[in-house]
Amino acid sequence: MLSYVIRRVLATLPVMGVVAVIVFLMLRLSPGDPAAIIAGDNATTADIIMIRERLGLDRPLAEQFVRWLGQLVSGDFGNSIYLERPVLGLIAERVEPTLALAVSTMAFAIVLALPMGVLAAWRAGSWIDQAIMALSVLAFSVPVFLIGYGLVIGLSLEMELLPVQGFVSLWDDPLAFLAHLVLPTVALGLVYTALLARITRATMLETLNEDFIRTARAKGLAETRVLILHALKNASVPIVTTIGTGIALLIGGVVVTESVFAIPGIGRLTIDAVLQRDYPVIQGVILVIAGVYVLVNLAIDLTYSFLDPRIRY
Amino acid sequence: MSAGQIAIPAPAESEPVKRSPGTFSRLCRRPLPALGALLLGLLVISAIAAPLIAPFDPIEMNVVDRLMPPDATYWFGTDAYGRDIFSRTLYGGRVSLIIGVSVAFASTMIGLLIGVIAGYSRAADAILMRIMDGLMAIPGILLAIALMSLTRANIWVVIIAITIPEVPRVVRLVRAVVLSVREHVYVQAATAVGTRLPRLMVRHILPNTFAPLIVQATYIAASAVLVESYLSFLGVGTPPEIPSWGNIIAEGRLYVQIAFWNILFPSIFLALMVLSINVLGDGLRDTLDPRLARRL
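Going down the list, the sequences are from chains A and B. Numbering follows the working numbering, with no gaps: position 210 of the first sequence is 210. Each number in the working numbering corresponds to the 1-based position in the second sequence with 1000 added.
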């Protein structure tokens, strides 16, 4: 077990290493001179040379990479070119809205998707199964902004029920914090719900065919007990794995949703950075997000190896 | 029957061989995929024939008629520059169509190549799959956004930026198929009689990847259409002067309170195109791979 934990933890290192190489090479391999791209359209040659020297772009590639990696490991992600402040600080300032939206969306999706998936698998082939599956294909296809603006126009502008845009920190006003999260969560959550409902249904269908389910029913257990304690519990590994890998999809959705609802989160930071060609910020965001993705999936894998005795490595 | 004799099955030529119905006709027997195919067909035709159908020039401004609600002249209303939303939406379909088809094609071809190499060479496999793991750790839209920042935007850059994040999933799929197929007896038999690698690939291994690849390509096309609209919506996609659905919506969002038709109609077209491709993909999956269909 310990050797599995060590191996699993070590396995994250090459992934993060590759992410670092991709992020590093992206700017260097792009067509054109990175210093000129960063400097923008109106830059003079002197500006370009200055940027090149400041970012060390005139050094050999390998030397640049080693130096950059060394800085990353010591927690220095560089400075924003425009705001001239450390990238990690900028990201930290924007974490709260993004994290809040991601967590609330995930909670919303899990609460909605698990019963839907279980119900669809339990009554597989019935009209309710088909309705749930049709809804999930629909939710998967409708763009976030259609649901988002639909909710904004319908619920907020017409009826003035909920705040339309923006974000309020939890520490400033918890009620306003929640109110501002409702619409973005629903707009983004439907896609994620669809994903989870499908995988829940699929794994539940498999589990419900197992012998121990027949045994549980034969000994007269209540159907809800069979479904939840016997089937869902055993089907949970693929479901939770999908929740983990679905984080990539979720974060992509958060970026768009933040834009629809004018939420000042990491998505907005990234878009602003792209529009200003502020590469240190773009690189920092990708590294941090990929790191979060890798760590969450590591945590999920490790938790399972502890909780599920069937998993032997 | 004496020992050592081999039972030879009776020749089957005398019996007329019943051809099983083709994939497409089997697909169209189910109501939902047939509906999806029909809807997609209509959208494709409306996009291709946009210059014939569109009543107005999609980029010609007419400030007198700005932000007009839908009426008999302007079926979907007009935008802030007085441009006809209906015409723009039809033209937007062309952008989505090009992006969807190109990304699906490019990512499956690149993924097929890398996947086959990874499935066949142990040394390359270790390196290639680590690269794919790294790519998969970066959310697709985020990676596409970052790639878009590297050079001046045009439609080919958008295609490349959306293709790269899609490649790893194709690689994993192809690699898994190759790894399982190469253990099959018929492949080992082909190797044993001295079939050369190119022939082995083309005749025995690659055909097994086609069915899952076609299904995957459909899903990728749907996702690419959606991602293009997200990139354009965020202002980092197709150049704003080109009327793509994302661009129309991005401009329309400023007037969402007074002229909701600016975002409503392109969004509906976008949703219908993505939906029809997804439904078609589900249908293809159920038809081509019944084993998978039972699971999902």
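Backbone N, C-alpha and C define an ideal beta-carbon position, used for all residues, glycine too.
>> Can you check whether the C-beta of residue 1151 of chain B is within less than 7 Å of a C-beta belonging to chain A?
In response: yes
Is it the case that the Cβ atoms of residue 1151 of chain B and residue 1103 of chain B are separated by a distance below 7 Å?
Not in contact: residue 1151 of chain B and residue 1103 of chain B (Cβ atoms no closer than 7 Å).
**Message:** At the level of alpha carbons, what is the spacing between residue 1236 of chain B and residue 1248 of chain B?
**Reply:** 14 Å
Classify residue 212 of chain A: buried if its beta carbon has 16 or more other beta carbons within 10 angstroms, exposed otherwise.
exposed
* Quick one: what's got a C-beta closer than 7 Å to residue 1124 of chain B's C-beta in the same chain, skipping five residues either side? -> 1117, 1118
- Could you say which of A:166, A:190, A:91 lies nearest to residue 179 of chain A if we only look at CA atoms? Per the Cα distances, A:166.
Exercise for review: Taking residue 277 of chain A as the query, report the chain B residues whose CB atoms sit under 7 Å from its CB, ordered along the chain.
Suggested key: 1149
### Message
Check whether chain A comes within 7 Å of residue 1140 of chain B, counting only Cβ atoms and requiring the distance to be less than that.
### Response
yes
- Message: Would you say residue 1286 of chain B lies against chain A (beta-carbon separation less than 7 Å)?
- Response: So no, residue 1286 of chain B is outside the interface.
Measuring CA to CA, which of B:1250, B:1285, B:1035, B:1129 is closest to residue 143 of chain A?
B:1250
Exercise. Would DSSP call residue 264 of chain A helix, strand or coil?
Worked result: Residue 264 of chain A sits in coil when the DSSP states are folded into three classes, being neither helix nor strand.
**Prompt:** For residue 1052 of chain B, does the count of other Cβ atoms within 10 angstroms reach 16, so buried, or fall short, so exposed?
**Reply:** exposed
Check: Pairing CB atoms from the region 1129 to 1149 of chain B with CB atoms from the region 281 to 290 of chain A, are three or more of them under 8 Å?
Finding: yes
Return the CA-CA distance between residue 133 of chain A and residue 198 of chain A, expressed in angstroms with no decimal places. 7 Å
- prompt: Which one of A:121, A:123, A:116 has the shortest CA to CA distance from residue 135 of chain A?
  reply: A:116
- Under the three-state reduction of DSSP, which class applies to residue 1084 of chain B: helix, strand or coil? strand
Suppose the cutoff is 8 Å on Cβ atoms and the five residues either side in sequence are ignored; what does the same chain contact list for residue 67 of chain A look like?
56, 59
**Asked** What's the gap between the Cα of residue 1008 of chain B and the Cα of residue 1185 of chain B?
**Response** With a pLDDT of 46 at residue 1008 of chain B, under the threshold of 50, the modelled position of this residue cannot be trusted; read the value that follows with caution. Near 20 Å, if we compare the C-alpha coordinates of residue 1185 of chain B and residue 1008 of chain B.
Review point. In chain B, which residues lie less than 7 Å from residue 252 of chain A when you measure between Cβ atoms?
Key: 1139, 1140, 1141, 1142
Subject >> Close beta carbons around residue 1173 of chain B, own chain, < 8 Å, minus the five adjacent residues each side >> reply: 1111, 1115, 1209, 1212, 1213, 1216
**Asked** DSSP state of residue 86 of chain A, grouped into three classes?
**Response** strand
Test: residue 1237 of chain B CB closer than 7 Å to a CB of chain A
Cβ-Cβ to chain A under 7 Å: no for residue 1237 of chain B.
For the pair the region 1183 to 1199 of chain B and the region 1252 to 1272 of chain B, tell me if three or more CB-CB distances fall below 8 Å. no
Inset, instruction - Give a yes or no on whether 7 Å exceeds the smallest Cβ distance from residue 184 of chain A to chain B. - result: no
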